[in-house]
Every structure is written in structure tokens, then in C-alpha cells.
Amino acid sequence: MKRQRRLAGLGAGLALVTLAACSTGSGTGTTSVPPSPTTKVTGTVEFWHFFTNREAAAIQSAVSDFEAKYPGIKVNVRGGQDDEKMLKAIAAGQPIDLALSSTTDRAGKFCQSGSFKDLKGYIDRDKLDLTQFPQAALDYTQFNGVRCTLPMLSDVYALYYNKAMLTAAGITEPPKTLSDLTADAKKLTVLNPDGSIKVAGFVPLMGFYENAPAHFAPAYGSKWLNADATSAIGGDPTWQEMAKWQKDLVDYYGLSKITKFVAGMGEEFSPDNAFEKGKIAMAIDGEYRSAFVQAEAPSLQYGTAPFPTGDQHTDLFGGGYVTGNIIGIGKGSQNPEAAWLLMKYLTTDTDAMVKLANSIKNIPTTKAALASPNLQADENYKTFLAVFGNPHSSTTPSSPTGSQYQDTMADFFTKWQEGKVSDIDAALKEVDKTINDALALATGP
Amino acid sequence: MTTALAPGRAVAVSAPLRAKRRRHRLTVLAFLSPWLLGLLIFFVYPLLATVYYSFTRFDLVTPAHWIGLRNYEFFFTKDPKVWQAVRNTLWLVVILVPARMIFGLGVSMILTTVKRGGGLFRTLFFLPALAPPVAATLAFVFMFNPATGPVNVGLKAIGIEGPLWFNDPAWAKPALVLLGLWGIGDLMIIFLASLLDVPREQYEAASLDGANSFQRFRFVTFPNITPVLTFGAVTGVIAALQYFTEASVAATVASGKANVGEGIGSTLGYPDGSTLTYPQWLFVKGFSDYALGYASALAVLLFAVSVVFTVFLLRRAHAFTPSEESLR
Amino acid sequence: MTAETMALPRTTASEVPPRSRRYRRESLLAFVSRWCVVIALSVIFMGPVVFIALTAVMSNDQALTSELWPHSWHWDNFATVFQKAPLVRYFANTLLYATLSTALMLLSSIPAAYAMARLRWKGRNLAFLAVLTMMMLPPQVTVVPIYVLWSDLHLTGSLWPLILPNLLGDAFSIFLLRQFFLTIPQDYADAARIDGCGEFAVMRRVILPMAKPGIAATAMFSFFFAWNDFYGPLLYTSENPDQWTVSLGLASFKGLYQVQWNLTMAMTLLVMVPVVVVFFLAQKSFVEGVTLTGVKG
Numbered sequence: 251m252k253r254q255r256r257l258a259g260l261g262a263g264l265a266l267v268t269l270a271a272c273s274t275g276s277g278t279g280t281t282s283v284p285p286s287p288t289t290k291v292t293g294t295v296e297f298w299h300f301f302t303n304r305e306a307a308a309i310q311s312a313v314s315d316f317e318a319k320y321p322g323i324k325v326n327v328r329g330g331q332d333d334e335k336m337l338k339a340i341a342a343g344q345p346i347d348l349a350l351s352s353t354t355d356r357a358g359k360f361c362q363s364g365s366f367k368d369l370k371g372y373i374d375r376d377k378l379d380l381t382q383f384p385q386a387a388l389d390y391t392q393f394n395g396v397r398c399t400l401p402m403l404s405d406v407y408a409l410y411y412n413k414a415m416l417t418a419a420g421i422t423e424p425p426k427t428l429s430d431l432t433a434d435a436k437k438l439t440v441l442n443p444d445g446s447i448k449v450a451g452f453v454p455l456m457g458f459y460e461n462a463p464a465h466f467a468p469a470y471g472s473k474w475l476n477a478d479a480t481s482a483i484g485g486d487p488t489w490q491e492m493a494k495w496q497k498d499l500v501d502y503y504g505l506s507k508i509t510k511f512v513a514g515m516g517e518e519f520s521p522d523n524a525f526e527k528g529k530i531a532m533a534i535d536g537e538y539r540s541a542f543v544q545a546e547a548p549s550l551q552y553g554t555a556p557f558p559t560g561d562q563h564t565d566l567f568g569g570g571y572v573t574g575n576i577i578g579i580g581k582g583s584q585n586p587e588a589a590w591l592l593m594k595y596l597t598t599d600t601d602a603m604v605k606l607a608n609s610i611k612n613i614p615t616t617k618a619a620l621a622s623p624n625l626q627a628d629e630n631y632k633t634f635l636a637v638f639g640n641p642h643s644s645t646t647p648s649s650p651t652g653s654q655y656q657d658t659m660a661d662f663f664t665k666w667q668e669g670k671v672s673d674i675d676a677a678l679k680e681v682d683k684t685i686n687d688a689l690a691l692a693t694g695p
Numbered sequence: 042m043t044t045a046l047a048p049g050r051a052v053a054v055s056a057p058l059r060a061k062r063r064r065h066r067l068t069v070l071a072f073l074s075p076w077l078l079g080l081l082i083f084f085v086y087p088l089l090a091t092v093y094y095s096f097t098r099f100d101l102v103t104p105a106h107w108i109g110l111r112n113y114e115f116f117f118t119k120d121p122k123v124w125q126a127v128r129n130t131l132w133l134v135v136i137l138v139p140a141r142m143i144f145g146l147g148v149s150m151i152l153t154t155v156k157r158g159g160g161l162f163r164t165l166f167f168l169p170a171l172a173p174p175v176a177a178t179l180a181f182v183f184m185f186n187p188a189t190g191p192v193n194v195g196l197k198a199i200g201i202e203g204p205l206w207f208n209d210p211a212w213a214k215p216a217l218v219l220l221g222l223w224g225i226g227d228l229m230i231i232f233l234a235s236l237l238d239v240p241r242e243q244y245e246a247a248s249l250d251g252a253n254s255f256q257r258f259r260f261v262t263f264p265n266i267t268p269v270l271t272f273g274a275v276t277g278v279i280a281a282l283q284y285f286t287e288a289s290v291a292a293t294v295a296s297g298k299a300n301v302g303e304g305i306g307s308t309l310g311y312p313d314g315s316t317l318t319y320p321q322w323l324f325v326k327g328f329s330d331y332a333l334g335y336a337s338a339l340a341v342l343l344f345a346v347s348v349v350f351t352v353f354l355l356r357r358a359h360a361f362t363p364s365e366e367s368l369r
Numbered sequence: 066m067t068a069e070t071m072a073l074p075r076t077t078a079s080e081v082p083p084r085s086r087r088y089r090r091e092s093l094l095a096f097v098s099r100w101c102v103v104i105a106l107s108v109i110f111m112g113p114v115v116f117i118a119l120t121a122v123m124s125n126d127q128a129l130t131s132e133l134w135p136h137s138w139h140w141d142n143f144a145t146v147f148q149k150a151p152l153v154r155y156f157a158n159t160l161l162y163a164t165l166s167t168a169l170m171l172l173s174s175i176p177a178a179y180a181m182a183r184l185r186w187k188g189r190n191l192a193f194l195a196v197l198t199m200m201m202l203p204p205q206v207t208v209v210p211i212y213v214l215w216s217d218l219h220l221t222g223s224l225w226p227l228i229l230p231n232l233l234g235d236a237f238s239i240f241l242l243r244q245f246f247l248t249i250p251q252d253y254a255d256a257a258r259i260d261g262c263g264e265f266a267v268m269r270r271v272i273l274p275m276a277k278p279g280i281a282a283t284a285m286f287s288f289f290f291a292w293n294d295f296y297g298p299l300l301y302t303s304e305n306p307d308q309w310t311v312s313l314g315l316a317s318f319k320g321l322y323q324v325q326w327n328l329t330m331a332m333t334l335l336v337m338v339p340v341v342v343v344f345f346l347a348q349k350s351f352v353e354g355v356t357l358t359g360v361k362g
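Chains as they are written, first to last, in the working numbering: chain A, 251 to 695; chain B, 42 to 369; chain C, 66 to 362.
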């Protein structure tokens with residue numbers, strides 16, 4: 251299950267060359283790779299991933315296929331492991347062979363510290379064709395020239411809307427700009443007799459479900475980091491446009507009223523999800539949501555469209571936020587050969603990838619799987635495939651401080667939506683300083 | 042700590058006595074050895090190591106790298122959140138501790154006046170203190186849920202629009218105080234025992250002198266229970282400096298972002314850092330960001346502050362060691 | 066629950082000393098207002114438990130509304146909790162943690178406390194000062210090197226880093242036990258010594274039997290601490306759900322299994338029950354212990 255995956259690195263490739271000069275510790279995973287095993291690879295693979303419940307079952311099924319194909323290998327799967335726990339386990343030297351992370355945020359940390367092994371030796375030895383992955387996915391899975399992960403499925407964000415509600419409000423097509431979205435949200439909002447919210451057209455609160463600065467950034471083409479991983483936020487006026495749009499809608503509802511409304515909602519990844527329950531008419535969410543709807547609220551009449559853009563940025567329409575799952579071999583792996591086999595299977599086997607994509611509705615990360623006729627692409631899935639392929643789609647850059655820069659921005663938005671920011675220029679300059687200070691502490695001499 | 046006797050005296054004593062003393066020393070050492078080892082491994086060494094790590098950059102994967110005072114410089118001039126964490130922790134010391142003291146004293150004083158059913162009410166009032174902190178916090182976050190919780194439903198029934206409690210930066214800490222008051226039982230029992238120990242004759246004498254009830258409290262009750270009040274205040278402060286569990290659970294659950302995907306580190310402090318305590322920030326820095334060097338610097342500073350309180354308490358050690366005399 | 070359930074060690078409820086005639090005749094107003102306060106306090110202290118229980122048996126849909134009385138009674142929620150989360154495993158882990166650490170603590174702390182209370186040696190006061198200091202310093206002060214230590218031993222991801230240190234004494238327990246030992250008259254021990262008993266025999270045969278209530282209270286504190294501990298298991302076992310304790314499982318339950326308030330409250334109730342049961346079984350020594358932590362001067 252993914253939430254709020256933040257940084258990734260469409261821009262990572264170009265951003266990080268300059269970092270080499272000041273980074274400490276290089277990838278320690280560059281151990282010599284043994285020659286191709288002459289005998290059959292056997293043994294146990296300890297495989298950690300972050301999926302839970304229904305999605306974990308899909309992963310288990312893919313793993314079972316693998317075990318059937320390589321009878322000598324047994325895979326111990328452990329789901330529900332977020333990055334924090336994974337990093338903890340690897341740092342403490344627990345023998346994790348293979349780890350799947352829901353976000354590209356920490357690719358930089360994983361590769362730079364050597365938490366994940368450098369895959370170069372394996373890739374060269376087995377002549378793995380890297381061109382089968384889309385370029386963006388190749389970028390966000392390496393750091394500073396060290397490739398310690400491969401992409402395994404990706405997530406794309408777009409607008410979900412409740413068709414019945416839009417029709418009832420006389421709205422014929424989903425909004426294309428954020429002003430339209432605000433106007434539609436107002437029309438779609440229904441109040442209770444006591445003035446509290448019954449149905450919200452669109453919940454603008456940052457931190458709610460999938461609302462995150464990272465997920466809105468492509469709508470304005472907002473820039474996160476400079477090439478040297480220092481903050482570009484204060485110097486990019488589009489962040490202020492985003493902040494103003496967001497705050498206007500918060501103020502329309504009233505902070506306390508909308509906070510109260512949100513506090514009464516069901517959990518995001520439960521059948522009581524507010525969109526699935528018809529408590530919100532529009533939402534930003536990932537492609538996986540359609541699989542949840544199918545499983546939990548099959549009668550919901552909904553549509554999907556690229557997320558609206560800022561009013562001044564209509565040229566960006568069609569793009570959206572893209573991120574991916576990344577998979578790597580832990581530095582303490584006891585059985586790297588078997589782990590590598592499973593990794594290759596999960597990341598490059600077309601059948602496996604298509605099967606996973608069909609069951610959890612994620613976007614495949616090989617060109618062959620994307621083109622596979624077996625990929626079940628309904629109307630909604632096509633929206634996400636199109637956003638995935640759109641040149642205006644973007645992800646969050648990789649940084650040696652992981653997701654720290656996004657956390658800082660999220661903190662800014664918390665204060666901002668509460669109305670505690672009087673001088674937005676100064677506040678964003680402060681964000682720059684915080685990000686840069688943290689970077690300096692993490693990478694300085 | 043040495044168990045050796047003064048050498049000067051040892052010379053003068055006879056051989057059998059010396060042997061006896063040596064045996065005694067060995068006995069003492071045998072009794073103490075597990076604890077002495079524990080003192081070294083889990084206290085002395087970590088204290089020194091913390092100081093060392095505080096001058097390094099250290100992420101557990103790559104070796105510690107000496108960076109001098111930069112962690113401290115970051116603490117004092119650059120850390121965007123640490124002062125908020127310091128303020129929150131101080132807030133707890135200044136508000137939560139006295140609130141618990143006053144409430145605990147009030148409840149126990151009322152209990153001293155209840156004759157019929159006193160045991161029952163004591164039990165009722167004490168029970169919440171037994172609730173595991175995680176369970177108690179969850180229950181409170183549920184009760185104070187602004188949309189569906191019984192507290193705001195009840196307030197609304199009497200015409201008051203309740204605050205957002207754990208979802209409002211201004212109300213999250215007060216809500217935690219209410220949670221602390223609910224679990225007053227432990228303090229209440231201590232106070233109650235002490236109140237019942239006040240010699241009856243002193244009250245009677247005071248009454249004969251015409252003292253009113255406030256004067257009786259001021260001049261009879263209060264002096265008698267001062268040691269227990271001191272104890273309650275100091276242990277309360279120590280607990281406030283470590284405040285972690287309740288704030289963590291309240292923040293993760295109220296934020297609705299509990300635990301999947303990103304770990305606990307990113308939700309602590311919700312809403313708007315208002316519940317972020319110092320130990321939590323240390324935890325985030327150390328075990329979510331893996332900036333263990335910086336976390337060590339935070340620990341060193343926490344140590345410095347705690348020592349002040351500890352020394353204060355030890356100065357009043359007689360409150361702890363009432364029967365030193367009985368050793369004779 | 067009987068009326069006498071919580072007897073205090075020194076003065077039991079029925080023996081609240083009679084006050085002088087003058088203030089036994091209280092006015093009706095004082096009587097009524099006192100009882101109003103007592104009843105209001107009872108409601109405040111017990112109300113949350115009632116709401117937890119009511120919510121625990123609600124349907125999913127109702128748990129998302131603000132209606133407080135269950136429309137229909139879903140007793141199966143308690144069973145559902147066990148299906149959703151490996152609650153049995155959480156309980157087993159917690160029991161293991163609490164029992165082992167308590168047993169090891171007693172083994173190592175009783176002799177140390179005995180030496181500090183009953184033996185005369187140079188540096189004893191200093192040692193006791195060290196105990197007090199260890200007891201009072203926040204555990205976060207030393208957490209980094211200790212974590213590194215356990216990770217070098219590859220024991221993170223398990224509960225052992227929380228259990229094993231008890232083998233080397235626990236400051237709070239040593240403090241508490243020492244306080245109990247001090248209350249036992251020295252004469253008994255002296256008599257035994259004259260009979261030729263070694264110190265170990267004196268401790269085992271004379272002091273320990275007399276300090277049983279104190280040892281029981283200390284053991285209960287240790288047990289409850291481990292049972293309720295959140296910080297320790299979070300630090301050492303968060304990445305390994307097989308080792309989670311009930312506190313950790315409960316804190317993650319709502320988010321991890323994406324459940325609503327009804328199931329969360331059902332699990333909350335299930336976690337509270339064992340503690341309350343243990344309390345009623347052993348409340349006398351427990352209350353004695355609580356009282357003794359705040360020893361009166």
C-alpha cells in the first residue's frame with residue numbers, strides 16, 4: 251500500500267553528479283561479484299516489502315510463481331515494512347536479502363550508505379538490458395552513478411471524480427484548471443442542517459489522504475531542488491501560486507470545519523475510504539485506488555482524468571506525479587544470488603509484471619510489460635498510462651537527506667493553511683535555509 | 042565505588058579479623074557484581090560513548106566520522122524543530138505536572154472525607170491509572186474525536202461547539218493533560234496514604250485554636266505532607282522530561298497517517314508540531330533519520346538538564362531514604 | 066468489586082479515624098455537595114471505559130457516526146480483532162517480555178538491594194546515589210550507544226535488548242527493594258548471624274521471607290512496566306512484527322489494518338483486561354508498593 255510516496259528522481263540523474271564532490275562514504279556495496287553460479291541456485295530469500303492485505307496477497311502470488319519456477323529457492327515474505335523499519339533492520343545488520351520500498355525518497359540514502367548492494371557487477375555479468383526500463387525509472391533507481399536498486403512497478407497520480415455527483419451538480423466534464431476545480435468543489439459541497447460538511451467537493455487540506463506538496467507540484471511545474479541538491483523552493487514563484495490556491499479553498503470551508511470533517515472519515519486504505527463512501531466528490535489519488543474501488547465499492551460511478559493544472563500552466567495539462575517502488579539487495583544478504591534471481595524475476599519478467607499490474611493496478615516498469623496485450627487496460631487505467639507517458643509528468647528528486655526537504659515543505663503548508671504565515675516570501679526563504687542546513691549537516695566535511 | 046577498608050586501619054588488626062574482613066568484602070562484591078557490571082555496561086560506557094558520538098556524524102552503516110562541534114552548532118542555530126520540542130516539553134513540566142499534583146491532592150482530600158463506600162470509590166478512581174498508556178491514549182483520541190467522539194457530542198447537546206482537541210495545535214497538549222488527569226490514580230494513592238497519616242490530634246488542636254478549614258490545611262495538612270508533595274513534583278518532572286508514549290500515539294492516530302509507508306517519524310508532533318516532545322525529536326533524529334551523531338548531541342543536552350533535576354531531588358534524598366537510621 | 070477492595074496499608078477504609086464531634090455534624094449542604102463531587106468524579110473516571118465498551122460493539126458504519134448507543138450489538142468484533150491482527154502472538158510476546166525480565170530482575174536486583182540495605186561497606190552511599198541517578202535519568206540519554214551495542218550483537222529486531230539488561234540489575238527495582246529491606250528489623254538478621262549463617266543464608270532464610278510483600282510489589286511494577294512499555298519495543302522491534310508486544314500492536318492497529326474505531330476500541334478493551342485482572346488478584350501488595358514509592362519522610 252502506498253501513501254504519500256514522495257521523492258523520486260526524474261531529475262536525479264542530472265542533479266547528482268555535482269554531489270560527488272561533497273558526499274561522504276561511497277557505496278560500499280561494490281563487492282566483487284562471483285562468477286555465474288555453475289550449479290543451480292538454491293536456498294532461502296528473505297524478502298521484505300511494504301504492501302499489506304489485498305496487495306500483499308498479490309505479491310505473495312507472484313512470489314509463489316517464482317518458487318514454482320525455481321524449485322530450489324524458498325522465499326520468506328514479510329509484508330507491511332515501511333522504509334524506516336527497513337533501514338533500521340539493514341543498519342542493524344539483519345540479513346534481509348531483498349527489500350521493496352514504496353518510495354524513491356530514500357534511493358539516495360540506500361545507495362550512498364551502502365545499505366543496498368551495488369548491482370553493477372550482477373548487471374554486467376548477466377548482461378541485463380537496462381534499456382528495457384523507461385528512462386525516468388532508470389533515473390530514480392540510482393544515485394550518484396551507483397545503481398543499487400531496480401524499478402518494480404510505479405505509481406501515477408491523477409484526479410478521481412464521482413460521476414453521479416458531478417452530473418447532479420450540472421458539471422459535464424472534470425476540471426482542467428485548479429480554478430475550475432475550486433469552482434466545481436464549491437458546487438459539489440453539501441452542508442448538513444447544522445452547517446457542518448456532509449459532502450466535500452474537494453478536501454484541500456495538506457496531509458489529508460494523498461494530499462501532499464509533491465503530488466500537486468507537477469500541476470504548477472514547481473521545482474524542488476537545484477542541481478547541487480540545495481533548495482530551489484524560495485526562488486520558484488509557482489510554489490506561492492499553489493499555496494494561494496490551496497489556502498483559498500481551505501478558507502472557503504473554514505479550517506476548523508474541514509478538519510472536523512476529515513477527523514470523522516474512515517481510514518484511507520479501508521472500505522470506508524471517503525471517496526469510495528461518497529463523502530468527497532473529487533480527490534487526487536494513485537492508480538491503485540481503482541483496484542480498491544473495484545474490490546470494495548464496485549458500484550461506485552467514478553471517472554479519472556489528469557489532475558488539473560495551475561491557471562497559468564495549462565500547457566502542463568496531461569502530466570502528473572509519478573513515483574515508483576524500488577527494490578534492492580540488503581548489504582547483509584546471506585544469499586545474494588537467489589535474491590538477485592528473484593529481483594530479476596519481479597522487475598523484468600513480463601508475465602509476472604503484467605500479472606501484478608492487473609491485480610493491484612500499478613503501472614508496469616518495463617517497456618515490454620507496458621506493451622503487453624495481456625495488460626488489462628480499462629478506461630481509467632488508460633488515464634494513468636497516458637499520464638505516465640506524458641512528458642510533463644515528473645517526480646521528486648533524490649537527495650542525500652531522503653525526504654527531509656519534502657517534510658520541511660509539508661511543515662510549511664501546515665503553518666500556512668492554519669493562517670500562521672504572514673510573510674510567505676520570508677517563510678519560503680526559511681524553508682530554503684532549513685533544507686540547506688540539513689543537507690550541510692548530512693554531507694559536509 | 043570501593044569496598045576496601047582504609048589501609049591504615051587494616052594494618053592494626055589481627056590476622057583472623059583481616060581474613061574476616063576480606064571475606065566480607067568478597068561477599069559484598071558478590072552481592073553487587075551483577076549490578077556493578079550493569080552500571081558499567083549500561084550506564085558509564087553509554088554515557089561516555091554518547092559524548093563521543095555527539096562529535097561525529099554516524100548512521101550505523103558507515104563508520105562514525107568526526108565533525109567537531111557541528112552537531113551542537115546545528116542544535117543551537119539551525120535545527121528548525123528542536124526549540125519547539127523544548128518548548129513543548131517545558132510546557133508539560135510547567136502545566137501537566139502541577140495540574141496532576143493539584144488534581145491528585147484534591148481527589149485524595151475528597152476521598153478522606155468519604156466514609157461509606159470509600160474503598161469502592163478509591164478503586165474506581167484508581168483503576169484508570171492501570172490502563173496501559175497506549176490503550177488509554179487511543180481511548181482518549183477516540184473520545185475527543187471532533188467529529189464523532191462523545192465529548193464533543195455531549196458538549197454540543199448543551200450548546201457548546203467543542204474544540205478540535207487532538208487535531209488542533211492549541212488544544213492537543215491540553216487534551217494530553219486531561220489524559221494525564223484521568224490516570225491520576227498512582228499519585229492519588231500516595232497522597233491519600235500521606236493524608237491519612239497526619240496525626241489526628243494536630244487537627245483537633247488547631248480546631249480548638251479556632252482555625253478554619255483553610256488554616257487547618259495550611260498549617261496542619263500541608264507541612265505534614267510536604268515530603269510526599271516534593272516526591273510527586275520531582276518524579277512528575279522526571280516523567281515529563283521523558284514524555285513519549287502518549288504524545289506519539291495521539292499524534293499518529295489523530296493524524297490518520299498511522300504507520301503504513303513512512304514509519305512513525307513523519308507523524309510525530311501532529312498537529313503542527315504541537316505535541317512534539319524532546320525525547321520524540323531525539324527518537325526521530327536517531328532512529329528515523331539515522332542521524333545518530335546529532336541524536337547523541339541531543340542526548341548530551343538532555344543529560345545536562347536532567348542532572349539539574351536529579352541533583353535537586355538527591356538534595357532532598359531524605360524524602361527517599363527515611364530509614365537510613367535503622368541500619369544501626 | 067467489594068466496598069473494601071482497596072485497603073491502604075496503614076489505614077483501611079473502615080478505620081478512617083473519627084473526627085471530633087464538632088466536625089462530624091456537617092451541614093446537609095456540605096454532605097450533598099461532597100457526594101455530588103464524588104459521583105461526578107466517578108463518572109469522569111469510569112465514563113471513558115463505558116464509551117470504549119459501547120463503541121467496541123458497534124458496526125463499522127455506526128463507528129463513523131456520532132451516535133453513541135449501538136444500534137445493533139456486534140459481539141463478533143472481539144473475534145474479528147483476533148482475525149485482523151495476530152493478537153495472540155502479541156500477548157505471548159508481551160508475556161515473555163514481562164515474565165522473563167521480571168524474573169531476571171529479581172535474580173540480580175535482590176542481592177544488590179540487600180547489600181545496599183543490610184551490609185556495611187565503604188562506598189555504600191555512593192553506590193546508592195548511583196542507583197538513584199540511574200533511576201532518574203531519562204533512558205534517552207544513553208539510548209544511542211546501547212542501541213549500537215545491541216545492533217553489533219545482531220539482537221535488534223527482538224525483545225532481548227529489553228530483557229537481558231535485567232540480568233544486570235534494574236535501578237528502580239533495587240531502590241524499591243532496598244526500601245523494603247530497610248523496614249525489616251535488624252535483630253532477626255543479627256540472630257541468624259550469631260547462629261553462624263553466612264550473609265547469603267541470612268538473606269535467603271531471614272530477610273527474603275519477611276520481605277515477600279515488597280518483592281511481590283517490585284515484581285508487579287516490573288511486570289506492569291514491561292507489559293505497558295511502548296518506547297522499548299518501538300525502538301527494538303518495530304521492524305519485526307513477529308516480536309511486537311500488545312502496546313506496539315495496539316498503537317499500529319488502526320493504521321496498519323485500516324480499521325475503524327469500533328475494532329480499535331475492541332482491541333483497546335482486550336489489552337486493558339489482563340492488567341485489571343492481575344490488579345484485582347494482587348492489589349494489596351500493589352497498593353503497598355505504590356505507597357512505598359512515595360515513602361513518607
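Glycine included, each C-beta is placed from N, C-alpha and C at the ideal position.
Under the rule that 16 or more other beta-carbon atoms within 10 Å means buried, what is residue i, buried or exposed?
i              : result
L242 (chain C) : buried
V338 (chain C) : exposed
P139 (chain B) : exposed
C361 (chain A) : buried
K375 (chain C) : The question about residue 375 (chain C) has no answer, for chain C in this structure spans 66 to 362.
K335 (chain A) : buried
S216 (chain C) : buried
Shortest alpha-carbon distance to residue i belongs to which of the options?
i              : options                   : result
T271 (chain B) : B:S235, B:S315 and B:R66  : B:S235
A340 (chain B) : C:F96, C:P203 and C:F110  : C:P203
D405 (chain A) : A:H465, A:L348 and A:G330 : A:H465
I143 (chain B) : B:A274, B:A336 and B:A292 : B:A274
N720 (chain A) : A:K611, A:A636 and A:T633 : Here chain A comprises residues numbered 251 to 695, so residue 720 (chain A) is not present and cannot be evaluated.
Below 7 Å on C-beta distance, what does residue i contact in chain E?
i              : result
A288 (chain B) : The structure shown has no chain E; the protein chains it does contain are A, B and C.
Do the segment 355-370 of chain A and the segment 524-543 of chain A make contact, defined as three or more Cβ pairs closer than 8 Å? no
Of all the residues that make up the segment 112-142 of chain B, which are near chain A by a beta-carbon distance shorter than 7 Å? F115, K119 and P121
Assess, as a yes-or-no matter, whether the segment 579-596 of chain A is touched by the segment 491-506 of chain A under the definition of 3 or more beta carbon pairs within less than 8 Å. no
The segment 200-215 of chain C in contact with the segment 142-162 of chain C per 3-pair CB rule at 8 Å: no
Between the segment 294-325 of chain C and chain A, which residues of the former have CB atoms less than 8 Å from a CB of the latter, in chain order? S303, E304, N305, P306, K319, G320, L321, Y322, Q323, V324 and Q325
Is the segment 410-421 of chain A in contact with the segment 498-515 of chain A, if contact means three or more CB pairs nearer than 8 Å? no
At a CB distance below 9 Å, what residues from the segment 263-294 of chain C approach chain B? Give them in sequence order. G263, E264, F265, M268, F289, W292, N293 and D294
Taking contact to mean 3 or more Cβ pairs, one atom from each stretch, closer than 8 Å, check whether the segment 293-311 of chain C and the segment 286-293 of chain B are in contact. yes
Taking Cβ-Cβ distances below 9 Å as the criterion, which residues of the segment 215-226 of chain C are in contact with chain A? W215, S216, D217, H219, L220, T221 and G222
Can you give me, in chain order, the residues of the segment 478-512 of chain A that have a beta carbon less than 8 Å from any beta carbon in chain B? S506, T509, K510, F511 and V512
Quick one: which residues of the segment 109-126 of chain C get their C-beta closer than 7 Å to a C-beta of chain A? List them in chain order. N125
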